[in-house]
Amino acid sequence: MLECFLNSYLPLYSLRTLIPITTKKAIRLSGQNPVHSAADGGQVECLKLLLQKGYDVNAMLDTHISENYGDLRKTPLYFAVSNGDVTCSEILLAAGARTDLDPLQCILVAVRAERYELVQLLLSYGAEVNCNFSVICNTLFPTALQYSLRDPVMLRLLLNSGYQAYKCFQCCHGNCEEIDSTWTELHNQAYQIYSQPNAISVRVISARHIHTECNFVGLSKHKIPPINQSLSF
Numbered sequence: 001m002l003e004c005f006l007n008s009y010l011p012l013y014s015l016r017t018l019i020p021i022t023t024k025k026a027i028r029l030s031g032q033n034p035v036h037s038a039a040d041g042g043q044v045e046c047l048k049l050l051l052q053k054g055y056d057v058n059a060m061l062d063t064h065i066s067e068n069y070g071d072l073r074k075t076p077l078y079f080a081v082s083n084g085d086v087t088c089s090e091i092l093l094a095a096g097a098r099t100d101l102d103p104l105q106c107i108l109v110a111v112r113a114e115r116y117e118l119v120q121l122l123l124s125y126g127a128e129v130n131c132n133f134s135v136i137c138n139t140l141f142p143t144a145l146q147y148s149l150r151d152p153v154m155l156r157l158l159l160n161s162g163y164q165a166y167k168c169f170q171c172c173h174g175n176c177e178e179i180d181s182t183w184t185e186l187h188n189q190a191y192q193i194y195s196q197p198n199a200i201s202v203r204v205i206s207a208r209h210i211h212t213e214c215n216f217v218g219l220s221k222h223k224i225p226p227i228n229q230s231l232s233f
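Letter 223 of the sequence shown, counting from 1, is numbered 223 in the UniProt record's numbering, and no numbers are missing.
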């Protein structure tokens with residue numbers, strides 16, 4: 001019992017000692033906010049104290065620290081959600097934590113981990129159920145579907161929360177407002193290439209700046225029209 005008391009009291013005691021002598025400059029230079037540490041460590045009382053003292057609930061990790069994580073996480077909320085910590089997540093959300101500041105949004109982390117309670121909590125605070133993971137995908141296909149295909153309970157929860165399943169069958173093309181302009185650019189570049197009479201080799205830069213070597217042979221006989229229509233299924 002004494003060990004449990006010390007484990008919970010000592011961090012809080014240390015924090016109360018450090019807060020008055022810690023400068024904003026020191027925090028900025030460290031690249032990480034104390035709120036990150038409290039959320040990651042599941043230190044509920046420390047987290048409450050930091051927020052009471054005005055520490056930023058939406059503090060962002062500096063890039064050089066964020067890049068140490070494969071998911072490029074940035075916010076304290078992401079740490080809490082990825083740890084499956086409902087208590088810290090609720091404290092952060094109640095204090096105004098945003099759910100959409102990380103490349104992989106917190107709702108997708110909870111869906112992927114099959115954390116139903118966390119998913120419901122995030123949705124109750126306005127998390128966007130139809131978001132996607134833009135780092136690897138710039139289409140409109142809802143990312144959450146990929147994480148819940150084998151989980152009918154999760155899928156039902158998402159559908160009941162406004163999940164736009166129709167987007168799985170929608171083909172945005174041409175002048176559609178939702179289409180990523182990068183793909184229109186690439187299509188028009190490809191059309192110019194296809195229109196040339198001779199076979200050529202061309203290097204195309206994809207929407208995510210991945211260099212791909214493409215060889216087009218005999219394409220002059222197969223004209224591809226410019227994008228000028230909007231299709232949906």
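C-beta atoms are modelled at their ideal positions from N, C-alpha and C, and glycine is treated no differently.
A quick note: this is a predicted structure, and the numbers were derived from the prediction, not measured.
- Burial check for ASP102: the Cβ neighbour count within 10 Å reaches 16 or more, so the residue is buried.
- Leaving aside the five residues that flank MET60 on each side, the residues in its chain whose CB is nearer than 6 Å to its CB run, in chain order, LYS74.
- Note on ASN160: under 16 other CB atoms within 10 angstroms of its CB, so exposed under the neighbour-count rule.
- Its chain contains LEU47 as the residues whose beta carbon lies nearer than 6 Å to that of ILE91, once the 5 sequence neighbours on both sides are disregarded; these appear in chain order.
- A check of alpha carbon separations from THR87 across LEU155, LEU108 and GLY41 identifies GLY41 as the nearest.
- In the three-state reduction of the DSSP assignment, GLN120 falls in the helix class.
- Straight through space, the alpha carbons of LEU155 and GLN164 are spaced by roughly 11 Å.
- Annotation: GLU114 is outside any alpha helix (DSSP H) and is labelled neither H nor E by DSSP.
- The DSSP-derived three-state label of LYS53 is coil.
- Shown here for LEU49: same chain residues with a beta carbon closer than 8 Å to its own, the five before and five after excluded, namely LEU12, LEU15, ARG16 and ILE19 in chain order.
- Leaving aside the five residues that flank SER82 on each side, the residues in its chain whose CB is nearer than 6 Å to its CB run, in chain order, VAL109.
- Ranking ARG112, PHE133, LEU122 and ALA127 by CA distance to the CA of PRO152 puts ARG112 first.
- For ALA165, the secondary structure class from DSSP, reduced to helix, strand or coil, is helix.
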